[in-house]
Every structure is written in structure tokens, then in C-alpha cells.
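Here the structure is laid out as C-alpha cells; the discussion comes afterwards.
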Amino acid sequence: MMPSLAVDVPAVIALMLALVACGTLGNFLVLRKEAMTADAIAHAVLPGLVAGFLVSGSRSITAMFVGAACAGVISILLSNWSRRATQLEPGATLGIVFTGLFALGVILLETQGARQVDLDAECVLFGSLETLFYVPASDASWYEGVPRAIWTLAVIAFLTSSFAVLFMKELALLAFDPNAARHLGVAPRWLERAFLVLVSASIVASFEAVGSVLVIGILACPALIAAPHARTVAGQITLSLLLGLALSILGYSLAAFAPRLFHTPSALNSAGMIALVLALAVPLSHALHRRRQRKSNAI
Amino acid sequence: MSRQGCPLELERFSAGYGNGDCVVRDASFALRSGCMTALVGPNGAGKSTLLKGALGLLPHANTAGVRFFGQPLDKVRARVAYLPQRADIDWTFPASALDVAAMGLYRKIGFFHRVRGKWKSEARRALAMVGMESLDDMPIGELSGGQQQRVLLARSLVQGADLLMLDEPFVNVDFATEERLGAVLRDACRSGMSVLAVHHDLGDVRRYFDDAVLFDGTVVAHGSIDVALADANLHEAFRLGPPPEDSIA
Amino acid sequence: MSVDPNTLAIPFWGANTIMVTLGCAVFGALAGSVGTFVLARKQSLLADVAGHATLPGVAIAFLLGESLGIGGRSPWLLFLGGGTTALLAAWSTPWLARHKRLGADGANAVALAGFFGLGTVLFSLVQSHPAGAQGGLRRLLFGSAAAITSSDAASLAMIALIALAVLVLCFKELSLLAFDEAAARVLGLPTRRLDWMLLLLLVATVVAGMQVAGVALVVSMLIAPAAAARIIGGSFARTVTLAACIGILCAVMGATASRGFEHVPTGSAMTIAATAVFFACIPCSRLFRARRSRTSTEARR
């Protein structure tokens, strides 16, 4: 029943870093009402990710990032173009483009994954927290055994959180009133682009931890949990990260320890459990807020 | 302070939403400096599109014919303030009235700087001008419609601009707010500011405005209220032809 | 990718293949026509949520069926399970969206994460079950026409046919609801019940499609053919018919392609076909629109 140093600690660290990376920017996405756009990006980068893997022949981070970035740009261009040409609702064009690219990625994954042992479809789709082992080598320094996914996530988490802190007020204004932000000249193009690039980067970095299908859980849910209780953007981000971290660790522990406790043969999928716990907390948090409001109104 | 030059001059300006149709065609007019000008016209005439297009907020507007104070907008951004329609804004956003008013200062504050006390007191002063000083800590979602509109006006005022462009400032606000907004704008004009406001209500245009631009896809008439809103012009813009004879039956 | 030439030639198809292809075709017709309504009501992303939300229901149905000893693979049991959770999602998401701070976008994201998260958790139980197959989850996610039997295909075709019949019978009421809900209410139509009917039709579509198009990709068969038909235009009835035809085409193409190429999931093939048709229709739509506007100006003269 004890958490093990080799398995659970790296997994929890990877999870926390993924949550910081995605959860911070997720707040702005939720404020911009673009959470589903992020979900679409998470699906659409799959072909680029797999292509990057196939070209480089390994899980090279750079190749996968380049591939994913290309796919992300293509998906955004395609959906913007088709929306303008057809005047359908944005959700429809977004849905068509991202499922199309995702399907392409799945075909690449299934046909090539059958040949390449290293490319595991389950891992790309549902994450592989369970496979992040810490193997300390006896003769080398401690950091040699740290899984590479953790280093990548650490870098991305640092980048995104410092980006959010440095450009907090501009990003908030851009979400609140994009016209005013553009008119005042405080939201230049590069800021919006940098934001999108960082969102895509955190999605790609997190797919190893939670999988591409459930990134939406750690991206949108923490912000939505914090939203009814926050009075400022900074407050919302802080609260969302604190609650998100606590709840995702709860989710991980449920997935990891429940089977050991009840002696069921299998491990539960931890990415799914984390997404489930986070999603359940959202209506709960909104209901709590309502009850508190009703109480304060009664007084 | 230099106030010379026409605050806004449009020359054959066209704008649309990129699907081939132009909502605004060949609009040309020049605002009188230090005046309150109303932009009036029927629903769907493209009044908001004209405003947004002139400010470069639409990707498919050619702003070559738009001159602010005789210069392109990028040179004089700080001197032009914009107040969006209240419905364009997400009022569930986690921000207080003071936060919103301070947004008008972001350009002056600059990147990497926090909103410090000096800026906050400036924003508070703007809130006081619109009678909102006692509610500066209130989340914007809990304000009434009129109060929200006042906060938006405070955000435009705090910018210290010489031209104020407002999109439907008097829509769905209480009477007290309307009076207050009107008075604040009048005072601002007296001190040399120019105002261009999209206005929907022909009935009370005269209460607040000096000039009017009558607009229906393009400029129908422009001048002082009495000239621009002469009956003949109104009939043309609102297509109020004589009633057809068979409509009585 | 190895191509077996026999699979592409119709005379060599067995009865099973023909049955499955027919099932796919009926599903394609249903998806295209229901999709037109989904698109008109701007519920594309809700359809995505509903598709994903079949996953936990299927897992529960399998586990229940196994533990009750009636077998976890009966198609009707799986339809019932998947349909229940999909309906729950399709009903609860608009309800969640009414919270001011959540909005449609947030509600979709929460429902997607919650239902799909639950689905993957339950599926890890299914996969450790002695009767559960290892690759079963991926087959269900992306669809596999090769894995279903002719009786599966017959049952999904039956569901799709019933749904199509309902759609045809209530066509004018449903189309008024999709076009203008307020007008429908003023006319005294039972909008509440019609609303539910559309939700049930959506659920029937994702349930019929989950084995062939896959729960993660079924949404594209709903919206892409409908969007393609929509941009070509015409009356609503014509759009629905056209969408159904495009749906049949894409479904059959997808099923055939996944038979021909090893490891290509049926749902992915259908999705790519549908996306390709949609993008091919965009330049065509310009021609149609130009022709229509010309004829209408001539008529005005």
C-alpha cells in the first residue's frame, strides 16, 4: 500500500508538472471560451506527432514537437479557411478538421505502430504515467535515472508559468475584451501567437503523462473548478492550480491504490481517473458557490 | 496639447466581414473637432462595422482612407479611445470595476509592469467621474447594466484620449446612467475632446449630440443635427416611401 | 500496407461482408440526415461529447452482462449501455451550460473529460476481465468493421432504420424546431418532446455507429456529410437527402477501405472520406452559389 519511490513518485511529479503547464494556460483558454479549441488542437497534433516519431525513428522530443507544431498550424489554418469559405458555425468546421487530422494520425499510428515496437498507441492516447520509472544508477548522479518526459515537462511548465506571470494583464485583457486589447495596442500578434504555441507545446508535452484524449481534463477542468470562487484572474489561476494539483493527486491515488487495496487484479487507468475526478469537481464547485450565494442572500 | 487636425476623417472607406459583401461602402465624412457626433441609421446599416473597421478591428477593412488627427491610427493610438457594445463583453470575467477601469492604462503601464498604486488611483479618479467610486471593488458581474456601462466609460476616459468612439453607449441603461453619461461626455467635449457615438434612438439624439452622421451602408447625410436629420434624409435612409395604396384594404 | 486484391472485388465478398457493408450504409444515411439537424442547432460539439460518452456505458454493460452470466457481447446490451450514458451526457451538458461561469464551451469540456475519463477507467477493468479482449478499447474508439459479425450489423442496421423512420415521419416538425424553435413553440408544437426526440435520434446515431465508426470519430460522420450538403445548399429537405447520400458513400468507402488495407480502422477511413468530401465541396459551393444568385437576380427582373 505504500507509495513506491520508483513508480509513484515520478508519476506524481510528471502529473504535477503537466498540470502546472496545462492548467495555467487553461485558465486563459477557459476565459476566452476556447477550451474545446484546445481539445481540437490536442487531437489535431496527433499526425504530426507520429510523423515526427517516424521521421526521427525515436521518441525524439524535438522531432515530435516540430511535427506537432506543423500539424497544429495546419489545423488552425484549415479551420479558419473553411469557416470563412462556408460560414458554418465555428464548432462544426473545428470538428471536421480535427477529426479528419486525428483520423489520419490514428491510421499512421495503427499501421506503423504495428511495425515499430516503440510507438505504442495506448500510450499516446491514454498516457503512460505508469511507465515512468525512476531507475537510479548506482555509479552515476541521481538525475541520470529521471525519465526524460519529466525534464520536458519541467521545461514547459517553467516556460508557461513565467509567460503567464509576465503577461498576466495583457492575456487577461485579451480574453476579456480582445477588441480593446488590439485597439490599445497591448496585444500584438506575437503575443497571441506565442500563447497558441505554448498551449500546443504544453499539450504535446503532457500527452506522455495523460494521453492526447484526456489533456482536455487537466486543461479546462481546474480553471472551471476555480472560476465561480475567484474575483481576479491571478486568484483564479492560483486557486485552480492548488485545487487541480490536490484533485489530480487524489485521482492518481484512487487509480493506483484502489486495486491494491481491494486486491483486484488490474491497475485502473490513471489518466481516466484523474480526468473523472477533476470533471466531477466542476459541478460540485459550482453547486457549492450557489449554495453560499443563496445563504448570503438569505442573510 | 496639440488638438489641431480633424479627429477622424474617412475617405471612401469600405469594410465587411470577408465574405465578399461590403457592409460599409464608400463612406466619407470628417468629424468636427470638439463636438458630439451621433452615428445614426436603421438596424443592420453597418454602424458598428464602420466603427470597428475604422479602428482596424476587422481583418477585412482597408484602412488606407482612414485618418485620425491627420495620421494613420498606429501613430496616434493613445489619442483614440473605443468603447465596445456592452453585449460584446463577457461580464462573468473575474475582475473588479477598478480592474476594468485600469485596463485603459495598460498601454501606458507597458509590458512587464504591474498595475501599481499610482495607476490605481488614476483609475479610481475616472470611476469617480462616472459616479462609481463607491463600487470600485465590486466584481463586474454583480453590477447592474447601467453600472457596467459606466465602468466601460471610465475605462475609455482614463486613457486621456482626444477622440472617443462609442458603440451604443445608451442602450439598455437606466435613466440616471444615461443622464450621467451624457453629462460626462458633454464636459469632456467642452475641454476639447471629440465624441463619435453609434446611437439608435432618433427621439433623443438632440438631447446629447451636436452633429449627426446619417448612415445606411454609406453616408446619407452629415452635418448639424437639424441638417443631417431632415425629413427627406430620414426617408431615404430608413426607406420610408409613401405607403402603398393597396395596404389600406 | 498490404492490399489483398480479392477484398476489393465484389464477387468474392461473403454474406458477412455484404451484411456489414449494408449496416454501414444504413448508419451512413442516418448519420448524414441526423447530422443536418445537429448542424442546424449548432450542436456539433455536443455530438462529439455524446459519441465519447458511449464508452462508459459499453463498459458497464459488458461487465454487468458478464457478471449476470448473459454474456457481455450481446449487441443489444451494448447498445443499451452506450445509449444510456450518451443520453445522460447529451442531456446533462446543456443543463451544465446554463451555469453562467461555465457556458457551452466549458460544459462540453467537462462532460467530455468526465464521461470519457470514466470510460477509460472502466475499460481498464474490462481489459483485465478474462472475457475482455486486449485490443477491444481501440476497436471501439476508432471502429472496426472487420470485428463485427453479421448479427451485430443486423442489429445496428435495425436501430438505424427505426431512427430513420422516426426522422421521416416527424420531418416537418423537427425541421421547424431546428430552424426556429420560438416559431415552433408559438405554433403549439410540443417543442419539449421534439427536443428529446432529436436528442434520442442523436444518441441512436452514435450508438449505431460506435462499432463501425468508433466512439471517438463518430462525430465526423455526423457533421462532415451534413456540412458538405449544407454548403451545396438547396431546401432543407434536399440538404438532408444529400447529406444522407454523402453519408452512405463515405460509410461504404470507409468500410471497404478498412477491409482492403490491414490495420486501417474503419472509423478513421470513414472520417477521412467524409473530411475529403467536405473540403472538395467548398470550391464547388462557390459555383453553386454563383449560379443561384444569377438565377435569382434574373427572376427578380
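Protein sequences, first through last, are from chains U, E and W. Here this note's numbering is used: position 123 in the first sequence is 123, and no number is missing along the way. Here this note's numbering is used: position 199 in the second sequence is 1199, and no number is missing along the way. Here this note's numbering is used: position 232 in the third sequence is 2232, and no number is missing along the way. Note that CB positions come from ideal geometry on N, CA and C, so glycine has one too.
For the beta strand (DSSP E) that contains residue i, what are its first and last residues?
i: Met1036 (chain E); result: 1036-1040
i: Val1066 (chain E); result: 1066-1068
i: Asp1026 (chain E); result: 1022-1030
i: Arg1107 (chain E); result: Where Arg1107 (chain E) is concerned, there is no enclosing beta strand (DSSP E), although the alpha helix (DSSP H) it sits in stretches over 1106-1109.
i: Val1220 (chain E); result: 1219-1224
i: Ala2146 (chain W); result: From DSSP, Ala2146 (chain W) is part of no beta strand (DSSP E); its letter is neither H nor E.
i: Phe1013 (chain E); result: 1008-1016
Output the distance between the C-alpha atoms of residue i and residue j, rounded to the nearest integer angstrom.
i: Ala14 (chain U); j: Leu153 (chain U); result: 7 Å
i: Asn300 (chain U); j: Ala2145 (chain W); result: Residue 300 (chain U) lies beyond the range of chain U shown here (1 to 299); nothing can be said about it.
i: Ile2232 (chain W); j: Thr2239 (chain W); result: 8 Å
i: Ser1144 (chain E); j: Trp1091 (chain E); result: 11 Å
i: Met2001 (chain W); j: Ala2226 (chain W); result: At Met2001 (chain W) the pLDDT is 47, less than 50, meaning the model places this residue with poor confidence and gives no usable figure here.
i: Phe1013 (chain E); j: Pro1084 (chain E); result: 20 Å
i: Arg1003 (chain E); j: Gln1149 (chain E); result: Residue confidence for Arg1003 (chain E) is low, a pLDDT of 46 falling below 50, so the modelled location carries little weight; the figure read from the coordinates is stated next. Computed Cα separation, rounded: 27 Å.
i: Asn2108 (chain W); j: Leu278 (chain U); result: 14 Å
i: Leu2201 (chain W); j: Arg2192 (chain W); result: 14 Å
i: Glu1251 (chain E); j: Phe1068 (chain E); result: Since the first and last residues shown for chain E are 1001 and 1249, residue 1251 (chain E) lies out of range.
i: Ser206 (chain U); j: Ala44 (chain U); result: 15 Å
i: Pro1244 (chain E); j: Phe1238 (chain E); result: With a pLDDT of 49 at Pro1244 (chain E), under the threshold of 50, the modelled position of that residue is not reliable, and the figure given next carries that caveat. For Pro1244 (chain E) and Phe1238 (chain E), the distance between alpha carbons rounds to 16 Å.
i: Asn1062 (chain E); j: Leu77 (chain U); result: 22 Å
i: Ser2258 (chain W); j: Asp1099 (chain E); result: 57 Å
i: Phe2079 (chain W); j: Phe2027 (chain W); result: 14 Å
i: Ala2216 (chain W); j: Phe2142 (chain W); result: 6 Å
i: Ala2153 (chain W); j: Ala281 (chain U); result: 39 Å
i: Val2203 (chain W); j: Glu34 (chain U); result: 25 Å
i: Leu132 (chain U); j: Val12 (chain U); result: 10 Å
i: Phe1029 (chain E); j: Ala2029 (chain W); result: 56 Å
i: Thr2036 (chain W); j: Ser2044 (chain W); result: 10 Å
Any beta carbon of chain U sitting closer than 8 Å to that of residue i?
i: Ser2220 (chain W); result: yes
i: Thr2195 (chain W); result: It is worth fixing the name first, because residue 2195 (chain W) is Asp in this sequence and not Thr. No, its Cβ sits nowhere closer than 8 Å to a Cβ of chain U.
i: Leu2202 (chain W); result: no
i: Tyr1106 (chain E); result: yes
i: Leu2045 (chain W); result: yes
i: Ala1064 (chain E); result: no
i: Leu1057 (chain E); result: yes
i: Pro1084 (chain E); result: yes
i: Ser2268 (chain W); result: yes
i: Pro1139 (chain E); result: yes
i: Asp1210 (chain E); result: no
i: Asp1099 (chain E); result: yes
i: Ile2070 (chain W); result: no
Following the continuous alpha helix (DSSP H) through residue i, name the residue where it begins and the one where it ends.
i: Arg1077 (chain E); result: It is not in any alpha helix (DSSP H) - Arg1077 (chain E) carries neither H nor E in the DSSP assignment.
i: Gly244 (chain U); result: 233-262
i: Gly2136 (chain W); result: 2136-2142
i: Gly1145 (chain E); result: 1145-1158
i: Arg2259 (chain W); result: 2236-2260
i: Asp1211 (chain E); result: Per DSSP, Asp1211 (chain E) belongs to no alpha helix (DSSP H); it is in the beta strand (DSSP E), 1211-1215.
Is residue i close to chain W? Criterion is C-beta to C-beta, closer than 8 Å.
i: Leu166 (chain U); result: no
i: Thr1092 (chain E); result: yes
i: Arg1239 (chain E); result: no
i: Met64 (chain U); result: no
Taking Cβ positions only, does residue i come closer than 8 Å to chain E?
i: Val186 (chain U); result: yes
Anything in chain A within Cβ reach of residue i, meaning under 8 Å, just list it in chain order.
i: Val2110 (chain W); result: In the displayed structure, chain A is absent; the protein chains listed are U, E and W.
Residue ranges of each alpha helix (DSSP H) within the segment 2175-2232 of chain W, 4 or longer
2181-2186, 2191-2209, 2218-2232
Which ranges would you report for the alpha helix (DSSP H) in the segment 167-205 of chain U if only whole runs of at least 4 residues count?
168-176, 178-184
In chain order, which continuous runs of the alpha helix (DSSP H) of length 4 or greater are located wholly inside the segment 1162-1203 of chain E?
1175-1190
Sequence ranges, alpha helix (DSSP H) only - wholly within the segment 1-44 of chain U, length at least 4:
8-31, 35-44
Against chain E: residues of the segment 2091-2102 of chain W by CB proximity under 7 Å
Lys2100, Arg2101
Which full runs of the alpha helix (DSSP H) of 4+ residues lie inside the segment 2082-2132 of chain W, going along the chain?
Every alpha helix (DSSP H) stretch that sits fully inside the segment 2082-2132 of chain W and reaches 4 residues is listed by chain position as 2103-2128.
To be precise: take each residue of the segment 210-224 of chain U, compare its Cβ to all Cβ atoms of chain W, and keep it if any distance is under 7 Å. Which residues remain?
Val213, Leu214, Ile216, Gly217, Ala220, Cys221, Leu224
Along the segment 2133-2149 of chain W, where does the CB come closer than 9 Å to a CB of chain U? Name the residues.
Leu2137, Arg2138, Leu2141, Phe2142
Compile a chain-ordered list of the residues in the segment 1065-1080 of chain E whose CB is closer than 7 Å to at least one CB of chain U.
Arg1077
Cβ-based contacts, 9 Å cut-off: residues of the segment 66-85 of chain U near chain W
Leu78, Trp81, Ser82, Ala85
In the segment 169-181 of chain U, which residues sit with their C-beta less than 8 Å from some C-beta in chain W, listed in chain order?
none
What residues in the segment 232-245 of chain U bring their beta carbon closer than 8 Å to a beta carbon of chain E?
Thr232, Val233, Gly235, Gln236
What are the residues of the segment 28-48 of chain U that lie near chain E, defined by any Cβ-Cβ distance shorter than 8 Å?
Cβ contacts with chain E come from Leu31, Lys33.
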